[in-house]
């Protein structure tokens, strides 16, 4: 059965590639009229891991907006522990871009598991 109000089921995710973009999005959402969010989720997709924690913290200041951290497309030798860094940011979700990372996270046990 079709929903008469398409906007009721549409969720908006915005990809941010820098802290400046994250900050601008958060400011836009915070100043939106009537307190209604135009963005449901911000995906943090930085070229480097540096700055992701600050971006997640900034997004957390905006109530009701989910934060997803994107993993690197390619994990180079010596970066196998990248999953630990991603999980420590405590995002609402992780966009996984490699089967190796998916396999590693699956080995850890799934949602709710404590990883140190």
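Residue numbers (our numbering): 1077 to 1192.
Beta carbons are placed, not taken as given, at the ideal position from N, Cα and C, and that holds for glycine.
Bear in mind the structure is a predicted one, so any value in this text is a computation, not a measurement.
- Note that the C-beta distance between residue 1147 and residue 1158 is below 9 Å.
- Three or more beta-carbon pairs separated by less than 8 Å are not found between the stretch 1093-1106 and the stretch 1150-1170, which leaves the two stretches without contact.
- Between residue 1117 and residue 1142, the C-beta spacing is below 9 Å.
- Secondary structure within the stretch 1142-1175: the alpha helix (DSSP H) runs of 4 or more consecutive residues, fully enclosed, are 1158-1164 (chain order).
- Checking the DSSP bridge columns, you'll see residue 1117 partnered with 1089, 1142.
- Taking the Cβ atoms as the reference, residue 1145 lies roughly 16 Å from residue 1115, outside the contact range of under 8 Å.
- Taking C-beta separations shorter than 7 Å and ignoring five residues to either side along the sequence, the partners of residue 1176 in its chain run 1151, following chain order.
- Within the same chain, Cβ atoms closer than 8 Å to the Cβ of residue 1129 are found at 1164, 1165, the five residues on either side in sequence being excluded.
- Annotated three-state conformation of residue 1125 is coil, per DSSP.
- Straight across, the Cα-Cα distance linking residue 1096 with residue 1122 is about 11 Å.
- Per DSSP, the continuous alpha helix (DSSP H) segment holding residue 1096 begins and ends at 1095-1106.
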